[in-house]
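A.B. asks: Numbering-wise (the working numbering), the sequence shown opens with residue 150 and increments by one. Glycine residues also receive a C-beta, built at the ideal position from the N, C-alpha and C atoms. What follows is a structure written as structure tokens; I'll ask about it next.
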Amino acid sequence: MTTAQTPQLDVQPSPLALLLLGRGADPRSERGVECPGDLPAPSDPDLVARARAAKEKLGSKVFVLGHHYQRDEVIQFADVTGDSFKLARDAAARPEAEYIVFCGVHFMAESADILTSDDQKVVLPDLAAGCSMADMATAEQVAECWDVLTEAGVAEQVVPVSYMNSSADIKAFTGKHGGTICTSSNAERALEWAFQQGEKALFLPDQHLGRNTAVRDMGMSLEDCVLYNPHKPNGGLTAEQLRDAKMILWRGHCSVHGRFSLESVEDVRERVPGVNVLVHPECRHEVVAAADYVGSTEYIIKTLEAAPAGSKWAIGTELNLVRRLANRFAPEGKEIVFLDKTVCFCSTMNRIDLPHLVWTLESLAEGTLVNRIEVDRETEAFAKLALERMLALP
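Put into structure tokens, the structure is as follows:
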């Protein structure tokens with residue numbers, strides 16, 4: 150009895166397979182890209198001391214930005230904290246800092262690079278810290294969408310409005326096509342401006358923020374909104390639907406805020422009598438409609454700051470922030486709980502941990518530039534144009 154020899158096949162992983170494994174690189178994607186270098190062990194008891202020493206050695210050469218959704222172990226080293234746009238502007242206001250270490254995700258670091266000077270270098274501690282929402286709209290998909298709008302005869306009436314949570318490519322597309330960027334704080338103003346320029350808005354990439362702003366804040370109906378699905382022919386829409394719509398919503402969402410449900414709201418009202426439900430506008434429309442208060446991350450923080458002692462709050466946003474706020478306001482007698490029973494961290498934001506931050510700061514202190522985020526000149530020019538339109542909003 151003989152055994153057949155299995156031929157040795159020269160099988161190479163595809164670029165997509167490597168990308169999904171976190172070992173590939175795709176400069177036009179937010180998803181896992183290679184992060185070179187040896188990280189210190191997470192169990193190293195000296196990580197905090199090492200981070201402090203490296204940051205002290207760098208002095209004014211480094212400016213560390215910490216997004217609200219970061220872990221506490223990282224936030225403690227941030228020079229400023231805030232949402233993505235506030236942090237990008239804070240970086241631009243520090244021209245003396247040679248290195249901007251952005252503890253956030255990829256699109257945020259891109260925005261910082263767009264707004265800072267050419268002499269400043271923006272660094273992301275882990276290049277795999279992307280954003281699932283930003284990934285849901287690629288430059289190729291949006292260009293195809295514009296072709297669909299052109300064929301339907303409505304492109305000239307459409308003004309793109311792109312959420313800050315989008316790649317530099319999408320921001321550049323927006324600038325090139327006469328549109329503007331928005332944040333969760335000024336989405337209504339951005340859309341009002343868009344409807345002064347044209348008859349329709351293409352809202353990218355978060356359908357929920359677009360729908361909630363149009364219906365809840367601007368008085369449109371759900372029938373005024375259509376959902377463009379980039380994975381279906383013509384976005385899954387007819388030319389008639391595109392002609393009738395006021396809001397063309399991109400089929401994208403936040404993986405954190407999209408998890409909250411109407412059942413979550415109903416359940417917490419039963420569990421915590423007298424609770425105030427406060428949610429982010431990236432939540433689904435039915436969740437926003439059932440909430441008591443709706444607003445951006447900064448709005449959530451300010452609302453809790455102004456809340457009376459003894460008040461009860463259920464918060465629909467990322468868990469790291471909710472826990473931090475609960476601990477902060479506990480001495481004032483404010484009861485703050487997470488809206489859902491299911492733990493819900495932003496998994497990509499949580500890639501920025503203390504070992505990555507230590508490795509980044511120590512590398513920079515030794516004169517080695519790592520994980521630089523750099524937007525090409527043409528993309529930067531059009532993206533900056535879109536951002537400047539936002540900054541000029543009344």
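So what's L510 in DSSP terms, helix, strand or just coil?
C.D. replies: Taking the sequence shown and counting its residues from 1, one reaches residue 510 at position 361. Residue state, collapsed to three classes: helix.
A.B. asks: What distance in whole Å lies between the Cβ atoms of N469 and F494, which are believed to be in contact at a cut-off of 8 angstroms?
C.D. replies: In the sequence shown, the residue the question calls residue 494 occupies position 345. In the sequence shown, the residue the question calls residue 469 occupies position 320. Indeed they touch by this definition, with Cβ atoms about 6 angstroms apart.
A.B. asks: Can you have a look at H380 and say buried or exposed, based on whether 16 or more other CB atoms are within 10 angstroms of its CB?
C.D. replies: Working through the sequence shown from its first residue, we reach residue 380 at position 231. By the 10 Å Cβ count, H380 comes out exposed.
A.B. asks: Which residues share a DSSP beta bridge with E484?
C.D. replies: Translated into positions along the sequence shown, residue 484 becomes position 335. According to DSSP, E484 bridges with K461.
A.B. asks: Is the number of C-beta pairs between the segment 248-266 and the segment 315-325 that are closer than 8 angstroms three or more?
C.D. replies: Contact between the segment 248-266 and the segment 315-325 is present, because at least three Cβ pairs lie under 8 angstroms.
A.B. asks: Given 8 angstroms as the limit, is there contact between the segment 325-336 and the segment 269-286, that is, 3 or more CB pairs closer than that?
C.D. replies: No, the segment 325-336 does not touch the segment 269-286.
A.B. asks: May I have the straight-line CA-CA distance separating L188 from A463, to the nearest angstrom?
C.D. replies: Within the sequence shown, the letter at position 39 stands for residue 188. Within the sequence shown, the letter at position 314 stands for residue 463. Cα-Cα distance, rounded: 37 angstroms.
A.B. asks: Should the segment 529-543 be called in touch with the segment 211-228, which here means at least 3 C-beta pairs below 8 angstroms?
C.D. replies: Short answer: they don't touch.
A.B. asks: Determine the DSSP secondary structure at P309, reduced to helix, strand or coil.
C.D. replies: If you number the sequence shown from 1, residue 309 lands on position 160. Here P309 sits in strand by DSSP.
A.B. asks: For T387, count neighbouring Cβ atoms within 10 angstroms of its own Cβ and tell me buried if that reaches 16, exposed if not.
C.D. replies: In the sequence shown, the residue the question calls residue 387 occupies position 238. Classification for T387: exposed.
A.B. asks: Does the separation of the CB atoms of L264 and A237 fall below 7 angstroms?
C.D. replies: On the sequence shown, position 115 is the one that residue 264 refers to. On the sequence shown, position 88 is the one that residue 237 refers to. For L264 and A237, yes; Cβs fall inside 7 angstroms.
A.B. asks: Would the segment 426-436 count as touching the segment 513-522 if we require 3 or more Cβ pairs under 8 angstroms?
C.D. replies: At 8 angstroms Cβ cutoff, the stretches do not touch.
A.B. asks: Thinking C-beta only, is Q219 closer than 7 angstroms to I249?
C.D. replies: Mapped onto the sequence shown, residue 249 falls at position 100. Mapped onto the sequence shown, residue 219 falls at position 70. Not closer than 7 angstroms, so no.
A.B. asks: Where S281 and E419 are concerned, what is the direct C-alpha to C-alpha distance, given to the nearest angstrom?
C.D. replies: For the purposes of this step, residue 281 is taken as the residue at position 132 of the sequence shown. For the purposes of this step, residue 419 is taken as the residue at position 270 of the sequence shown. In a straight line, the C-alpha of S281 is about 32 angstroms away from that of E419.
A.B. asks: Helix, strand or coil, according to DSSP, for T287 in the structure here?
C.D. replies: Here residue 287 is taken as the residue at index 138 of the sequence shown, counted from 1. If DSSP states are grouped into helix, strand and coil, T287 belongs with coil.
A.B. asks: Within 10 angstroms of its Cβ, does L165 collect 16 or more other Cβ (buried), or is it exposed?
C.D. replies: Reading the sequence shown from its first residue, position 16 is the one you call residue 165. With a pLDDT of only 43 at L165, under 50, the local geometry of the prediction cannot be trusted, and no value is derived from it.
A.B. asks: Indicate the three-state DSSP secondary structure (helix, strand or coil) for R243 in the structure shown.
C.D. replies: Numbered from 1 along the sequence shown, position 94 holds the residue referred to as residue 243. In this structure, R243 counts as coil in the three-state DSSP scheme.
A.B. asks: Among the residues of its own chain, which have a CB less than 8 angstroms from the CB of D441, if the five just before and after it don't count?
C.D. replies: On the sequence shown, residue 441 is found 292 positions in, with the first residue counted as 1. Once the five neighbours on either side are set aside, the close Cβ partners of D441 are N425, V426 and L427.
A.B. asks: Would A241 and F212 be called neighbours here (beta carbons separated by less than 7 angstroms)?
C.D. replies: Within the sequence shown, numbered from 1, the residue matching residue 241 stands at position 92. Within the sequence shown, numbered from 1, the residue matching residue 212 stands at position 63. The answer is no: Cβ separation not under 7 angstroms.
A.B. asks: Here's the rule I'm using: 16 or more other beta-carbon atoms within 10 Å means buried, otherwise exposed. How should L358 be labelled?
C.D. replies: If you number the sequence shown from 1, residue 358 lands on position 209. That one is buried.
A.B. asks: Does the segment 445-454 come within contact of the segment 493-510, defined as at least 3 CB pairs closer than 8 angstroms?
C.D. replies: No, they do not touch.
A.B. asks: Which of helix, strand or coil does DSSP assign to L170?
C.D. replies: Numbered from its first residue, the sequence shown carries residue 170 at position 21. Per-residue confidence for L170 stands at a pLDDT of 45, beneath the threshold of 50, marking its modelled position as unreliable; the derived number appears in the next sentence. In the structure shown, L170 sits in coil (DSSP, three-state: anything other than H, G, I, E or B).
A.B. asks: Would you kindly work out how many angstroms separate the C-alpha atoms of A541 and A202, rounded to a whole number?
C.D. replies: Translated into the one-based positions of the sequence shown, residue 541 becomes position 392. Translated into the one-based positions of the sequence shown, residue 202 becomes position 53. Looking at the two C-alpha atoms, the distance is approximately 41 angstroms.
A.B. asks: Looking at the structure shown, is V405 part of a helix, part of a strand, or coil, going by DSSP?
C.D. replies: As a working mapping, residue 405 is identified with position 256 in the sequence shown. V405 falls in the coil class under three-state DSSP.
A.B. asks: Can the beta-carbon of F409 be found closer than 7 angstroms to that of L474?
C.D. replies: Along the sequence shown, read from residue 1 onward, the residue named residue 409 stands at position 260. Along the sequence shown, read from residue 1 onward, the residue named residue 474 stands at position 325. Result no, Cβ atoms of F409 and L474 do not sit closer than 7 angstroms.
A.B. asks: In terms of residue numbering, what span does the beta strand (DSSP E) encompassing G215 cover?
C.D. replies: Your numbering for residue 215 matches position 66 in the sequence shown. Element bounds for G215: V211 to H216.
A.B. asks: Can you give me the C-alpha to C-alpha distance between H216 and E389, rounded to a whole angstrom?
C.D. replies: Within the sequence shown, numbered from 1, the residue matching residue 216 stands at position 67. Within the sequence shown, numbered from 1, the residue matching residue 389 stands at position 240. Computed Cα separation, rounded: 42 angstroms.
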